[in-house]
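Enquirer: Have a look at the structure that comes next, please.
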Amino acid sequence: MRRTVRAASTTPTRCTGRGNAMSTHETTQRERVRVFATGACEGFEKLRESLAGHPEIELVGASASVADGAAALAGGHLDAVLHATRSANLPADELAAIREHTRAPVLVVASSGSSRMLEEALDSEVADVLLLPQLVENVVFAIRKATHTTRQAHPAGGGRHGKIVTVFSPKGGTGKTVTATNLASALAKFEQRKTLLLDLDLQFGDAAIMLGIEPEKTIYDLVVAPGELDTEKLAGYTTKHISGLDILPAPLRPEDAELVTEAKLGRLLEVARESYDCIVVDTSPFFHGPMLATLDRTDELLLLSSLDVPTLKNLRLALQTLELLSFPKQRIRIVLNRSNSKVGMKQNEVESALGMKVRFEVPSDRAVPLAVNRGKPVVLDEEGADVSRAIRSMAKNLFPVEEAAKKQRRLLPAFARS
Ligand SMILES: Nc1ncnc2c1ncn2[C@@H]1O[C@H](COP(=O)(O)OP(=O)(O)OP(=O)(O)O)[C@@H](O)[C@H]1O
Ligand SMILES: [Mg+2]
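Just so we're aligned, residue -9 is where the sequence shown starts under our numbering, counting upward by one.
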């Protein structure tokens, strides 16, 4: 099933008093467990109200049915889902519908559960069953336990848990592919990060061509190949670039894009995380199903802007849509491409239009189209160009804590000598 969400067109019910919390309490929210509530049963509304006021829980939204909450379930970066039912049996169809959107642990809340429901739950993927009424502290404990167990059950294979960096803009031609290809090249070549570039502009992706690669295999070949996806299988479908990055290009024919479903993409990203330090995702200007699956797993969303009014207008809509999807605002970084263009608009105007600070500036440079036409990333083609320096600095900034630790390690021997 393919879903396309137009900017600011979905309206999952938001919980009272929480709508503006993203901007005001960002630090606290990061530590809270992000929960979405679906379904209904006696006592559930009261429980939701108690959870909304609980300091350990961020109730990101609620919907009466799974279908109504689809956008937030898919894009909400959820740690857990509470699903309420009036049925005395496990609501298998509703649970399967939730699974289409998120891998977050699901706790079933029931007002009239039976021992049969508990037995069914043992054989299912359900993390817990809570029969109401319950003390809110018990529910919070169960939610914490479910999220903890899920983390232990899905450890990053081989100790890796790659960072997913998604490059997006709701406007075509803003420089998404230039940024994604160069950022991925800089991460691989200069930061020595094991990097995968995933082209999610599924119909008209041109990341491979910008890198001068003629791929034999694409994401289409991977998703139609029989058998379970694992890291070895993924490695068989990627193509190595001279910078050291691996690329999984977009399908060669636009009609093949349909086969890259949300579910397949979700699994692909989970597997990629196990074998890469960083997965850079190039995108198209739409919130389609695979994009929602990507957003759900995105650690850093690079939102590309430029100094023009139509792009700003679309970016504002995109920010509204991201809020409706409950995407955490603290993961959004505004990138101002062609930041030095003299076009009668200043950076501070962009910032006040978007209500967010510009995090990275990338200047306009003739070296970019020259490198694009040569099929080489500009960070390798013109290492000294301002645009290359800007993108390298962006790459460095994506791993700030580890970068500080690396510097510390470099300093230690000198310190020991003194
Ligand atoms: N900083 C820059 N300086 C000069 N030219 C640039 C810069 N960024 C992008 N361009 C030019 O703009 C063109 C469009 O960029 P790009 O293909 O990356 O946009 P896009 O957002 O991926 O577009 P689409 O939505 O069609 O996929 C490129 O061919 C490139 O030459
Ligand atoms: Mg592009």
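In this text, a Cβ means the ideal position worked out from N, Cα and C, and glycines have one as well.
As the structure is a computational prediction, the values presented were derived from the model and not from experiment.
1) Rank Ala308, Gln337, Ser342 and Ala54 by C-alpha distance to the C-alpha of Ser274 and give the top, closest one.
2) Here's the rule I'm using: 16 or more other beta-carbon atoms within 10 Å means buried, otherwise exposed. How should Asp189 be labelled?
3) If you follow the beta strand (DSSP E) that Asp118 is in, where does it begin and where does it stop?
4) Buried or exposed: Ser55, going by 16 or more other Cβ atoms within 10 Å of its Cβ?
5) Please confirm whether any heavy atom of ligand 1 lies closer than 6 Å to the CB of Leu304.
6) Between Thr128 and the rest of its own chain, which residues show a CB-CB distance below 8 Å, the 5 nearest in sequence each way excluded?
7) Look up Phe131 in the DSSP assignment and say whether it is helix, strand or coil.
8) For ligand 1, which residues count as neighbours when the test is a C-beta closer than 6 Å to any heavy atom?
9) Does the beta-carbon distance from Ala74 to Gly29 come in below 7 Å?
10) Give the secondary structure of Phe34 by DSSP, where H, G and I count as helix, E and B as strand, and everything else as coil.
11) Give the C-beta separation of Ile324 and Leu293 to the nearest angstrom, bearing in mind that I take them to be a contact with Cβ-Cβ under 8 Å.
12) Which of the three DSSP states, helix, strand or coil, is assigned to Arg379?
13) Quick check on Asp211: does DSSP put it in helix, strand or coil?
14) Near Thr221, what residues of its chain come up, given a Cβ to Cβ distance below 7 Å and the 5 sequence neighbours on each side ignored?
15) Can you grab the Cα-Cα spacing for the pair Val157 / Asp289, in whole Å?
16) Any chance you could list the alpha helix (DSSP H) runs of at least 4 consecutive residues sitting entirely within the region 145 to 207, in chain order?
17) Can you round the beta-carbon distance between Pro241 and Thr208 to whole angstroms, since I take them to be within the 8 Å contact cut?
18) How many Å lie between Val409 and Gly202 at the Cα?
19) Is the separation between the beta-carbon of Asp69 and that of Arg24 shorter than 7 Å?
20) Helix or strand or just coil, what does DSSP make of Asn330?
21) Distance, Cα to Cα, Ala62 vs Asn172?
22) If you draw a straight line from the C-alpha of Val96 to the C-alpha of Gly162, how long is it?
23) Roughly how many angstroms separate the alpha carbons of Lys179 and Gly226, rounded to a whole number?
24) CB Cys268 to CB Leu177, shorter than 7 Å?
25) Tell me whether Leu291 sits in a helix, a strand or coil according to DSSP, three-state version.
26) Going residue by residue through the region 222 to 269, where are the continuous alpha helix (DSSP H) segments of at least 4 residues, counting only ones entirely within it?
Expert: The short version:
1) The candidate whose alpha carbon is nearest that of Ser274 is Ala308.
2) With 16 or more Cβ atoms within 10 Å of its Cβ, Asp189 is classed as buried.
3) First-last of the beta strand (DSSP E) with Asp118: Asp118 to Leu121.
4) Answer is exposed; the Cβ neighbour count stays below 16.
5) Contrary to the premise, residue 304 reads as Asn rather than Leu in this sequence. Answer for Asn304: no, Cβ out of range of ligand 1.
6) Strictly speaking, residue 128 in this sequence is Asn, with Thr absent from that position. Excluding positions up to five away in sequence, the list reads Leu120.
7) In this structure, Phe131 counts as helix in the three-state DSSP scheme.
8) Proximity annotation: ligand 1 has residues Ser159, Gly162, Gly163, Thr164, Gly165, Lys166, Thr167, Val168, Asp191, Pro275, Asn327, Arg328, Val352, Ser354, Asp355, Val358, Pro359, Val362 and Val377 in chain order, each selected because its CB is closer than 6 Å to a heavy atom of the ligand.
9) Yes, the Cβ-Cβ distance between Ala74 and Gly29 is below 7 Å.
10) Note: Phe34 maps to helix in three-state DSSP.
11) Yes, they are in contact, since the Cβ atoms of Ile324 and Leu293 sit about 5 Å apart, within 8 Å.
12) Arg379 carries a helical assignment under DSSP once its states are collapsed to helix, strand and coil.
13) In this structure, Asp211 counts as helix in the three-state DSSP scheme.
14) Within the same chain, Thr221 has close Cβ partners Gly147, Val261, Glu264 and Ser265.
15) Just so you know, the alpha carbons of Val157 and Asp289 end up roughly 11 Å apart.
16) With a minimum length of 4 residues, the continuous alpha helix (DSSP H) runs that stay inside the region 145 to 207 are 166 to 179 and 197 to 200.
17) Contact holds; Cβ gap of about 5 Å.
18) With the chain represented from -9 up to 408, any question about residue 409 goes unanswered, as that position is not in the structure.
19) For Asp69 and Arg24, yes; Cβs fall inside 7 Å.
20) Reduced to three states, the DSSP call for Asn330 is coil.
21) When rounded, the distance between both Cα atoms is 31 Å.
22) Taking the CA atoms as reference points, Val96 sits about 37 Å from Gly162.
23) Distance from the CA atom of Lys179 to the CA atom of Gly226, rounded to whole angstroms, is 21 Å.
24) For Cys268 and Leu177, yes; Cβs fall inside 7 Å.
25) Strand at Leu291.
26) Look at the region 222 to 269 and you find these whole runs of alpha helix (DSSP H), each 4 residues long or longer: 252 to 265.
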